[in-house]
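Be aware that the sequence shown starts at 0, since it is given in numbering that gives the first Met the number 0, and climbs by one per residue.
No residue lacks a Cβ here, since even glycine has one placed at the ideal position from N, Cα and C.
Note that the structure is predicted; figures quoted are calculated from it, not measured.
In what follows, a structure is listed as structure tokens, so that the remarks can point back to it.
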Amino acid sequence: MAEPLFRRLALIGVGLIGRSVARVARARGNIAAEIVATARSEATRERVRELGLADRVVATAEEAVAGADCIMLCAPVGAYAALAQAIAPHLSPDAILTDVGSTKQSVIRDVGPLVPGGVHFVPAHPLAGTEHSGPDAGFAELFEGRWCLLTPPPGTDEAAVEKTAELWRRCGSMVTTMEPAHHDRVLAIVSHLPHLIAFTICGTADDLESQSREEVLQFAASGFRDFTRIAASDPVMWRDVFLNNREALLEMLARFMEDAQAMARAVRWGDGAYIEHRIERGRVIRRGLIERKQA
Ligand code: NAP
């Protein structure tokens, strides 16, 4: 087995993603010789201890990063600015500071200016997740066969980028780099907008009067059920994603609403050919995902 990539990996936040990183690092043994973890609440820290996810669980992010050669922010992106402020004075020279946040321009905006000289900042986003959250949710195979996108700011040390890429490869991911603004636009359409639609449609259904609401749940077996799975995601994490990818999300939402209006018009005017054509495009996209093993 290869030597561990890092001496000490500090995980700031141990929910679905932090726990999954801890699990895979434990299982593979070639990612970090030691794992130090922290979370905001004592309840989560206690659970992390019980689950044996880390070698050490400490009360603060400042303590967690001291002496670490890799620090991974695994909290909701809205917490990053305050976390970066707190940890910056305690980061070791030459350490890699990375993250897993779902938005990348905001992370570079909030964390970048606070990173001390000599520390390598390599933002990352593993495109893997479930609707579950918290320290009991993660698992070692979460990243297997999934993409991880790195968005290093210009001038980032090449060796640090490569080491971060290797970390994710050892987690089972395929890795590529992407420009941060491009990342945020792509994710707005493939992830953030679908979540917005799922949250909205569940709200719409919930607003219906009580009799039909019962029927919504009773007969949820069709399309609605898939929306409810996505809509069960963590409210704080998703609030932060929406607020921190505002421009791209609003752009994709506007495009979506135009297309939805066009579909509504086709339904109103009985334009079956239009409707059929749009549905056929959906099938083509689904087939493409299956062929790429991303379904
Ligand atoms: P999660 O399950 O809700 O866990 C969040 C963790 O962060 C918890 O351990 C929480 O501690 C901790 N935390 C929150 N605020 C903190 C603070 N101020 N200081 C220290 N720790 C803090 O969230 P997640 O799903 O793992 O998401 C974590 C990050 O991954 C987010 O940035 C998200 O955008 C990104 N991401 C998520 C997914 C997904 O599908 N879920 C996929 C890819 C990337 P407490 O439990 O004590 O509150």
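- request: Can you tell me which of the three DSSP states Cys-73 falls into?
  value: Working through the sequence shown from its first residue, we reach residue 73 at position 74. When secondary structure is reduced to three states using DSSP, Cys-73 falls in the coil class, being assigned neither helix nor strand.
query: Between the C-alpha atoms of Leu-4 and Ala-24, what's the straight-line distance to the nearest angstrom?
result: Taking the first residue of the sequence shown as 1, we reach residue 4 at position 5. Taking the first residue of the sequence shown as 1, we reach residue 24 at position 25. Cα to Cα, the separation comes out at about 10 Å.
message: Per the DSSP calculation, Val-35 is bridged to which residue(s)?
response: As a first step, residue 35 must be located in the sequence shown, where it is residue number 36. Answer is Ala-9 and Arg-55, bridged to Val-35.
- request: Could you say which of Asn-29, Ile-70, Val-121 and His-181 lies nearest to Glu-246 if we only look at CA atoms?
  value: Position 247 of the sequence shown holds residue 246. Residue His-181 is the option with its Cα nearest to Glu-246.
- prompt: So is Leu-90 in contact with chain B if we call contact Cβ pairs under 8 Å?
  reply: You won't find chain B in this structure, because it holds only one protein chain.
- request: Could you have a look at Ile-200 and say whether DSSP puts it in helix, strand or coil?
  value: Indexing the sequence shown from 1 puts residue 200 at position 201. It is helical.
- prompt: Of the choices Asp-93, Glu-165 and Arg-145, whose alpha-carbon is the least far from that of Asp-156?
  reply: Position 157 of the sequence shown, counted from the start, is the residue given in the question as residue 156. Nearest option by C-alpha distance: Asp-93.
task: In angstroms with no decimal places, state the Cα-to-Cα distance between Ala-53 and Val-47.
output: Taking the first residue of the sequence shown as 1, we reach residue 53 at position 54. Taking the first residue of the sequence shown as 1, we reach residue 47 at position 48. Ala-53 and Val-47: Cα-Cα distance of roughly 7 Å.
task: Indicate, with yes or no, if the ligand NAP has a heavy atom lying under 7 Å from the CB of Ile-70.
output: Start at 1 with the first residue of the sequence shown, and residue 70 comes out as number 71. Flag unset: Cβ of Ile-70 not near the ligand NAP.
- prompt: Which of helix, strand or coil does DSSP assign to Asp-258?
  reply: Within the sequence shown, numbered from 1, the residue matching residue 258 stands at position 259. Here Asp-258 sits in helix by DSSP.
- prompt: From Val-106 to Val-76, what distance separates their C-alpha atoms?
  reply: Locating residue 106 in the sequence shown gives position 107, where the first residue counts as 1. Locating residue 76 in the sequence shown gives position 77, where the first residue counts as 1. In this model, Val-106 and Val-76 are separated by some 7 Å (Cα to Cα).
query: Mind checking whether Ala-63 and Ala-36 have CB atoms under 8 Å apart?
result: Position 64 of the sequence shown, counted from the start, is the residue given in the question as residue 63. Position 37 of the sequence shown, counted from the start, is the residue given in the question as residue 36. For Ala-63 and Ala-36, yes; Cβs fall inside 8 Å.
message: Taking contact to mean 3 or more Cβ pairs, one atom from each stretch, closer than 8 Å, check whether the region 162 to 182 and the region 110 to 129 are in contact.
response: These segments touch.
Sub-8 Å separation of Leu-90 and Leu-82 beta-carbons: For the purposes of this step, residue 90 is identified with residue 91 of the sequence shown, where counting begins at 1. For the purposes of this step, residue 82 is identified with residue 83 of the sequence shown, where counting begins at 1. In this structure, Leu-82 does not lie closer than 8 Å to Leu-90 by Cβ.
field: Beta-bridge partners of Ala-123, as assigned by DSSP
entry: Looking up residue 123 in the sequence shown gives position 124. Ala-123 is bridged to Leu-149.
message: Less than 6 Å between C-beta atoms, sequence neighbours within five positions excluded: which residues of the same chain meet that for Pro-151?
response: Walking along the sequence shown from the start, residue 151 turns up at place 152. Closer than 6 Å at the Cβ level, and outside the excluded window around Pro-151, lie Val-121 and Val-160.
message: Considering only heavy atoms of the ligand NAP, does any lie closer than 7 Å to the CB of Asp-233?
response: Working through the sequence shown from its first residue, we reach residue 233 at position 234. Distances from the CB of Asp-233 to the heavy atoms of the ligand NAP include at least one below 7 Å.
query: For Ser-209, is the beta carbon positioned less than 7 Å from some heavy atom of the ligand NAP?
result: Here residue 209 refers to the residue found at position 210 of the sequence shown. No; taking the cut-off as 7 Å, the Cβ of Ser-209 has no heavy atom of the ligand NAP nearer than that.
task: Could you please give me the residues that DSSP links to Thr-129 through a beta bridge?
output: Mapped onto the sequence shown, residue 129 falls at position 130. According to DSSP, Thr-129 bridges with nothing at all.
Closest by C-alpha distance to Glu-2, when choosing among Lys-162, Arg-108, Arg-145 and Asp-258: Working through the sequence shown from its first residue, we reach residue 2 at position 3. Nearest to Glu-2 by C-alpha distance, out of Lys-162, Arg-108, Arg-145 and Asp-258, is Lys-162.
- request: Could you tell me the boundaries of the beta strand (DSSP E) in which Leu-297 lies?
  value: Summary: the structure shown does not reach residue 297, with the chain confined to residues 0 through 294, and so no result is reported for it.
- prompt: Which of the three DSSP states, helix, strand or coil, is assigned to Val-114?
  reply: Position 115 of the sequence shown, counted from the start, is the residue given in the question as residue 114. Shown here, Val-114 sits in coil according to DSSP, grouped into three states, outside any helix or strand.
- prompt: Nearest CA to the CA of Ala-38: which residue from Leu-15, Asp-239, Gly-66 and Gly-271?
  reply: As a position in the sequence shown, residue 38 is number 39, starting the count at 1. For Ala-38, the closest of Leu-15, Asp-239, Gly-66 and Gly-271 by C-alpha to C-alpha distance is Leu-15.
task: Would you kindly check if the distance between the Cβ of Trp-237 and the Cβ of His-194 is under 8 Å?
output: For the purposes of this step, residue 194 is taken as residue 195 along the sequence shown, with counting starting at 1. For the purposes of this step, residue 237 is taken as residue 238 along the sequence shown, with counting starting at 1. Cβ distance < 8 Å, so His-194 and Trp-237 count as in contact.
query: Thr-176 bridges to which residues according to DSSP?
result: Within the sequence shown, numbered from 1, the residue matching residue 176 stands at position 177. According to DSSP, Thr-176 shares a beta bridge with Leu-149.
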